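Enquirer: Structure in structure tokens, see below.
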Amino acid sequence: MPDSEPAIAVVGSLNVDYVARVGRLPLRGETVAAADLEIVHGGKGANQAIAAQRQECVVRLIGSVGDDDMGRSYIDYLKNEGIETDGIRQVANVSTGAAFISVDSDGENTIVVCAGANGSTSPDQIRARDPFISEADALLVQFE
């Protein structure tokens, strides 16, 4: 057993997921009614960071959100989850990334992702976090 908690650096996406539950997925050009809509914090990078933190790892997330209400809410959510957020940049005049997900009664889904601020994450932003990345026990990289 290690003497300290493993350190994980995650470079990845942060999206607001709009999840609609439908009886079946629509055919091309078709509209179907959803039973309900759930709005949750998602994005594969952020999901991986939270999963690692819940396994008692020290996690720093590197990514971008919009300088909008959703982006500010997202940073608060991550802090409450115990994620270090100093590597998350808030980008002006760009929306926080979003995913529109339809899930049918069998659990199959279709997803449309709007990168938003995720598309602004730059090599310079990642390099600025190099001290933590270099010292991390693992590096996870994920964009949708």
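In the numbering used here, the protein residues as written are 372 to 515. Here a beta-carbon is modelled for each residue, glycine too, at the ideal position from N, C-alpha and C. These figures come from a predicted structure and were not determined experimentally.
1. Thinking C-alpha only, which one of D438, L511, I472 is nearest T481?
2. Quick check for students: name the residue ranges of the beta strand (DSSP E) that lie wholly in the region 444-473, counting only runs of 3 or more.
3. Counting pairs of beta carbons, one from the region 480-496 and one from the region 418-426, are three or more of them closer than 8 Å?
4. Just curious, the alpha helix (DSSP H) that R431 is in, first and last residue?
5. Count the other CB atoms, across all protein chains shown, that sit within 10 Å of the CB of L449; report buried if there are 16 or more and exposed otherwise.
6. Let me confirm a value: M372 is counted as buried when at least 16 other C-beta atoms fall within 10 Å, else exposed. Which label applies?
7. Whose C-alpha, out of G478, S435, A488, is nearest the C-alpha of V390?
8. Applying the criterion that 16 or more other CB atoms from any shown protein chain within 10 Å of the CB defines a buried residue, is D501 buried or exposed?
9. DSSP puts R392 in a beta bridge; with which residues?
10. How should G394 be labelled, buried or exposed, when 16 other C-beta atoms within 10 angstroms of its C-beta is the threshold for buried?
11. Does DSSP classify M372 as helix, strand or coil?
12. For I459 versus A380, is the C-beta spacing smaller than 7 Å?
13. If the criterion is Cβ atoms closer than 7 Å, does the pair G434 and G383 meet it?
Expert: This is what the structure holds:
1. I472
2. If you keep only unbroken beta strand (DSSP E) runs of at least 3 residues inside the region 444-473, you get 459-462.
3. no
4. Element bounds for R431: not the alpha helix (DSSP H) but the beta strand (DSSP E), 429-437.
5. buried
6. Annotation note: pLDDT 41 at M372 (below 50); position unreliable, coordinate value reported separately. The residue is exposed, with fewer than 16 neighbouring Cβ atoms inside 10 Å.
7. G478
8. By the neighbour-count rule (16 or more Cβ atoms within 10 Å), D501 is not buried but exposed.
9. D407, V474
10. Under this definition G394 is an exposed residue.
11. Annotation note: pLDDT 41 at M372 (below 50); position unreliable, no value reported.
12. With contacts defined by Cβ atoms closer than 7 Å, I459 and A380 do not form a contacting pair.
13. yes
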